[in-house]
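Numbering (this note's numbering), first residue to last: 19 to 859. Every residue, glycine too, gets a C-beta built ideally from N, C-alpha and C.
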């Protein structure tokens, strides 16, 4: 097929015109239109890149390499000359390269080393609808670069299915072009009932056996991972139709030659069993039939392990449509989905963008290295959750990649050299220093994917497991490593592994992940040779990667633990770790007997000296003085903390006198430790003083406010450490010392405690902040008092409660003359009748 017959060429003139006039372009074109291979060539051939390079970002490594090879073939050039590619561990380019296909992280790292992107004229973002995290970040960085240092830089964003409106707004001002493309009809079929326990590879083989007789053309089968691919290939080869076909795998971990073989043309009918790498970008000619498992390994942040994981999940409806479309790229096709139509409606409409579902630690570290101080204010296409950002910053600080003010440290820059999560980068750096990179790579792999060991079922399995794997260890990882070695020695045979509760599939996946980590380590010049590795070295490396999971047992009798960042949890019963200080590589919430518990698993014993060596700035010695409510005494507690986790606490009753007095005073004021001798008379004395200071400002008397009152109580408590010491203490000497003798005389004269009545009786005056001074006295004591009673140098009238002989009030007044004239005659007769023995005037 002549490449100029591809639908994308309908837009060639518009595309060239748009890029000549504008520096930003959004191109919407369906799958199969040729945008991935032809747009870079159009840009180059029309001189839109000048003398510079066209960089094409692809979300997947396999597509990156294959697209580069396809374009090089179309241009009749050797791969690596005019057209090349660059992925994480492979680079085929030269000084002559004008079109360079790269994975997203490659260009972002290039921006770190060369912020101006010298020599790059055009950046093409392909398959942008997949919304990979690094694609979002690279686009934002490119926009900043274009608006500051490189106004000549041109940006093209391409997608098959994308919300062009929101992207246009983000890129404004920009041009939008849309291609109708050319698609062929695809008949979509579903299963009548769910698979149930039938393995997905067997279901795919059964479907192939039926459909291969009814449909022409090559077959594309989608499976989630390499293991499922191999099982599917075996199952298909054992069918009658499969024996007549070339059956090949296609996934990102295959050698380049095997990947090329999968997309090559054959005289025989071809069956390709692929992961979702074949979902977009690549057009595999000849495919007429798609069998879709509906599953994929989808990257998500696992909050239990604190890392990104690849777990098998159901794909979205949008991804299913992309897969089905592979059958209609070059002719009408057919797609069978290995799930029911009802189940299809229960699937998510689209995948969440990675910025919403992945841990942001690695990308935040990259931004920090790019001098982005405030990551929350970064130019996000779609802002991440604020808690996700905060979690990433906290983790990077814990790992030592950021300092206390959020700036990248030298260690953080070294960690960034590894295209891996910062936890693993930190572990591998520590492993390099301790000579144990190879086993640490396995430990890192074991923290991802499916669980390697299930709970022991029955006494026999438990005994066999302890016999073969060991019972005691300094780390649960050591048990897993022995289980992995057991599975590896038996070639990951499920039948051999099942009696010990070992998941052979998980063991196989961990082995593949280990190889990936070792390739990264070797690429970064780490020593991956095997040697004599001590358990202590491995334990230190686990600690280096999980310092935010350090835990301390609260007591020896239970499994309860305290963790850094003010968390609590319970160590899993099956853990082999018995030391008080440990690090948990997995923290999850589970429901136990109706209550939610935070369960700590994958524990590793650690020592305090290792913490001090790795994180010297994380330690603090604190001295805390506190009141023990049970003992009713003040105690001192000296604590050694790692971050906010208490490692040691020593108790003492040797407390600084001032601090003890302050704490006791607080308890006195709260009413939990009342002073026996601080009675109502003391409170009244303070009220008298404050009232007199209000009546006579010219006396300049010092009032007693709340703070002053607390200070007086502290003086009373000074030298004591317990309630027993202060309970009977004298109060008056301290309180009255507030005033000088002359001031005390003024107080007694102008605001007396009692006032003498004509019959010689002394009535007690009650003072109140909200009312006038009051006395309460029997009516007979007031005989002969015909005027107001005043205090305060005759300035302040006193309110009088007139009491009957039974001491119950019969009148409240401050004007006795009116009382005797108007009220007394009315009540006298009744009082005389009730109390005939009393004198009535």
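Three-way DSSP call (helix, strand, coil) for residue i in this model
i: residue 860; result: The question about residue 860 has no answer here: the residues shown for the chain are numbered 19 through 859.
i: residue 807; result: coil
i: residue 530; result: helix
i: residue 263; result: strand
i: residue 619; result: strand
i: residue 517; result: helix
i: residue 838; result: helix
i: residue 35; result: helix
i: residue 830; result: strand
i: residue 815; result: strand
i: residue 498; result: helix
i: residue 637; result: strand
i: residue 357; result: strand
i: residue 580; result: strand
i: residue 378; result: coil
i: residue 759; result: helix
i: residue 773; result: strand
i: residue 333; result: coil
i: residue 642; result: strand
i: residue 624; result: coil
i: residue 780; result: strand
i: residue 280; result: helix
i: residue 544; result: coil
i: residue 697; result: coil
Residue i and residue j closer than 7 Å at C-beta
i: residue 353; j: residue 366; result: no
i: residue 796; j: residue 740; result: no
i: residue 25; j: residue 197; result: yes
i: residue 465; j: residue 594; result: no
i: residue 444; j: residue 563; result: yes
i: residue 291; j: residue 315; result: no
i: residue 103; j: residue 110; result: yes
i: residue 436; j: residue 542; result: yes
i: residue 557; j: residue 624; result: yes
i: residue 356; j: residue 308; result: no
i: residue 49; j: residue 270; result: no
i: residue 351; j: residue 204; result: yes
i: residue 265; j: residue 247; result: no
i: residue 341; j: residue 240; result: yes
i: residue 363; j: residue 336; result: no
i: residue 448; j: residue 559; result: yes
i: residue 663; j: residue 601; result: no
i: residue 86; j: residue 119; result: yes
Reference residue i, options the options, closest by Cα
i: residue 730; options: 518, 64, 748, 740; result: 748
i: residue 882; options: 618, 427, 250, 825; result: There is simply no residue 882 to check, as the chain begins at 19 and stops at 859 in what is shown.
i: residue 636; options: 164, 568, 168; result: 568
i: residue 494; options: 307, 591, 738; result: 591
i: residue 856; options: 798, 312, 314; result: 798
i: residue 545; options: 625, 452, 503; result: 452
i: residue 82; options: 378, 93, 108; result: 108
i: residue 454; options: 86, 547, 781; result: 547
i: residue 736; options: 764, 723, 683; result: 683
i: residue 753; options: 701, 825, 673, 640; result: 701
i: residue 790; options: 713, 837, 847, 822; result: 713
Own chain partners of residue i with C-beta closer than 6 Å, once the 5 adjacent residues on each side are dropped
i: residue 399; result: 154, 188
i: residue 811; result: 768
Residues near residue i by beta carbon distance below 8 Å, same chain, minus five either side
i: residue 526; result: 245, 505, 510
i: residue 231; result: 259
i: residue 167; result: 133, 134
Same chain only: Cβ atoms within 7 Å of residue i, ignoring 5 sequence neighbours per side
i: residue 112; result: 98, 99, 102
i: residue 419; result: 383, 426, 427, 429, 430, 433, 440
i: residue 257; result: 223, 226, 227
i: residue 512; result: 522
| field | In chain order, each alpha helix (DSSP H) run of at least 4 residues that lies wholly inside the segment 646–695 | value | 675–688
| field | Any beta strand (DSSP E) of 3 or more consecutive residues that is wholly inside the segment 283–319 | value | With a minimum length of 3 residues, the continuous beta strand (DSSP E) runs that stay inside the segment 283–319 are 287–292, 305–310.
| Completely contained beta strand (DSSP E) runs for the segment 118–147, where each covers 3 or more residues | 138–143
| message | Give the list of continuous alpha helix (DSSP H) stretches no shorter than 4 residues that lie fully inside the segment 162–247. | response | 182–189, 218–229
| said: Restricting to runs no shorter than 3 residues, where is the beta strand (DSSP E) found entirely within the segment 40–121? | reply: 42–46, 71–76, 101–105, 108–110, 117–121
| task | Could you pull out every unbroken alpha helix (DSSP H) segment of at least 4 residues lying fully inside the segment 710–756, listed in chain order? | result | 724–735, 741–744, 750–754, all fully within the segment 710–756.
| query | In chain order, which continuous runs of the beta strand (DSSP E) of length 3 or greater are located wholly inside the segment 411–454? | reply | none
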